[in-house]
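K.L.:
The working numbering puts the last residue of the sequence shown at 878; the count rises by one with no breaks.
Below you will find the structure I want to go over with you.
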Amino acid sequence: MPFDDRQIRFRFDRDDLLRTRFAISPLIELVGASYVVRQPRLFPEHRRWVESALPRIAGLDLDLLFAASPLGRTSWPNFNAPPPISPHPLIEDELVRIGAADPRVVRADVRRAYPDEMPPSAAPFVNDTATALAELVVQLRSFWYAAIDPWWGRMSAFLESEIAARARRLVAVGGEAAFADLDPSTTWDGQSLSLSRVKVAPRDVDLDGRGLLLIPSVLAFGVWPRIDAPWDPALTYQPPGIGDLWSADDGRHDSLEELIGRRRATLLRSLERPASTLALARRTGWSPGGVSTHLSVLRSTGLVVRRRDGREVIYSRTATGDAICRG
């Protein structure tokens, strides 16, 4: 369905610019990915990821996930991808929120998405909401670890780099530099950020000192405003350079996994920039203990080294680690 000329406008005051902040959401990436794998021809920039993901999800039961993220609708359920409540949530923490979603909100969201006829795959959300949410969490988790987890180190490093660059521009220059190139459909006039061609009712949103949560995303397409209670206003957007993210891999992805294992390969790739155990846990979505165990193995094999920086221990790849990632 084509976009129309309707517009959302976020109105800022001075405090709102100061309170504008950033977050990364594994769950929003996951929901975005569920659209990409069903319509890959619409997303040629993700071709390499799709080629990796499709064989991995073959045979998984994803009916509820796809029903909660319907194609070709003018309205989508909001409960399945709420804005994150921390800057770097783990996927498991976000899945807990899905399992605890308000059943009344879930039913209302699903009925709004399917106003004419409820497909059998979506009916459980209305008829047995608690059971459907529990099963949705299972399907989301299966999809994540099959299709996104192998790439998450690279994706999160890319998103962290985008956040750092845009935050510097916001502080140094102001809203014009930070907001002007979010998307071709966005404009900044010094006091408000406007989004045209959105699939929601036109609306002026006064931020009223709450600021705006900006969520860069690799796999969620376009710009996606979140303006309804109970969440603070948020905007998901796709940073420039996505094609370069995937093209950096030239087919050696699986061979490195075969050599040192999938999780250690993910960690090694995510060390394109040195990081602490906690930062790596945020990038990968794994527990700090699990990350530490894999780092110990990588260190013992000469692929990473560590150094102390104040209270933190920072890990980085050795020359051998760099070489093995580059093939």
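By construction, the Cβ of each residue, glycine as well, lies at the ideal position given by its N, Cα and C atoms.
When we look at the beta-carbon of N678 and count the other beta-carbons within 10 Å, is it buried (16 or more) or exposed?
P.N.:
By the neighbour-count rule (16 or more Cβ atoms within 10 Å), N678 is not buried but exposed.
K.L.:
Report the option in H639, R560, R565 and R761 whose CA atom is closest to the CA atom of I714.
P.N.:
Nearest option by C-alpha distance: H639.
K.L.:
If you count every other CB in all the chains shown that lies within 10 Å of the CB of A729, and 16 or more means buried, which is it?
P.N.:
Buried, since its Cβ has 16 or more Cβ neighbours within 10 Å.
K.L.:
Do you know whose CA, among D732, S712, P670 and W703, lies nearest R815's CA?
P.N.:
The shortest Cα separation from R815 among D732, S712, P670 and W703 belongs to W703.
K.L.:
Going by beta-carbon coordinates alone, are L746 and R624 separated by less than 9 Å?
P.N.:
Taking 9 Å as the Cβ cut-off, L746 and R624 do not qualify as a contacting pair.
K.L.:
What three-state label does DSSP hand Q558 in the structure shown?
P.N.:
Correct three-state label for Q558: strand.
K.L.:
If you compare alpha carbons, which of V587, D779, P671 and T852 is closest to V656?
P.N.:
Closest option to V656, Cα to Cα, is D779.
K.L.:
Could you tell me the alpha carbon to alpha carbon distance between D660 and T738, rounded to whole angstroms?
P.N.:
Near 29 Å, if we compare the C-alpha coordinates of T738 and D660.
K.L.:
If you draw a straight line from the C-alpha of A708 to the C-alpha of R824, how long is it?
P.N.:
Each residue's Cα considered, the two are about 8 Å apart.
K.L.:
Less than 9 Å separating the beta-carbons of L819 and L807?
P.N.:
A contact, by the Cβ cut-off of 9 Å.
K.L.:
My output table needs one value for E863: the three-state DSSP class, helix, strand or coil.
P.N.:
Strand at E863.
K.L.:
For the region 557 to 591, which segments carrying the beta strand (DSSP E) assignment without a break, of at least 3 residues, lie completely within its bounds, in sequence order?
P.N.:
Within the region 557 to 591, the complete beta strand (DSSP E) runs of at least 3 residues are 558 to 562.
K.L.:
Less than 7 Å between C-beta atoms, sequence neighbours within five positions excluded: which residues of the same chain meet that for I608?
P.N.:
For I608, where only same-chain residues beyond five positions count, the Cβ hits under 7 Å are V588, F694, A697 and A698.
K.L.:
Counting Cβ pairs, one atom from each stretch, are 3 or more of them under 8 Å apart for the region 576 to 587 and the region 769 to 787?
P.N.:
Touching, yes, given that three or more Cβ pairs across the two stretches are closer than 8 Å.
K.L.:
Just grab the DSSP bridge partners of R777 for me.
P.N.:
In the DSSP output, where bridge partners are listed per residue, R777 has A785.
K.L.:
Strictly by DSSP, which residues pair up with V856?
P.N.:
Beta-bridge pairing links V856 to S867.
K.L.:
Taking the straight line between their C-alpha atoms, what separation do you get for L646 and D755?
P.N.:
Each residue's Cα considered, the two are about 31 Å apart.
K.L.:
Output the distance between the C-alpha atoms of S851 and S712, rounded to the nearest integer angstrom.
P.N.:
Whole-angstrom Cα-Cα distance: 29 Å.
K.L.:
Rounded to whole angstroms, what's the CA-CA distance from A681 to G725? Just pull it up for me.
P.N.:
So the two alpha carbons sit approximately 45 Å from each other.
K.L.:
Could you have a look at W837 and say whether DSSP puts it in helix, strand or coil?
P.N.:
W837: coil per DSSP, three-state reduction.
K.L.:
Please give me, in chain order, every unbroken run of the beta strand (DSSP E) with length at least 3 that falls completely inside the region 716 to 772.
P.N.:
Runs of the beta strand (DSSP E) inside the region 716 to 772: 737 to 739, 743 to 747, 754 to 757 and 764 to 767.
K.L.:
Need the endpoints of the alpha helix (DSSP H) that W600 sits in, please.
P.N.:
Segment R598 to I608, the alpha helix (DSSP H) holding W600.
K.L.:
Since L786 and L758 are thought to touch, with beta carbons under 8 Å apart, how far apart are those beta carbons, to the nearest angstrom?
P.N.:
The Cβ separation is near 11 Å, so there is no contact.
K.L.:
Evaluate the contact criterion for the region 626 to 639 versus the region 594 to 602: three or more CB pairs, one atom per stretch, below 8 Å.
P.N.:
Taking 8 Å as the limit for Cβ pairs, the verdict is that the region 594 to 602 does not touch the region 626 to 639.
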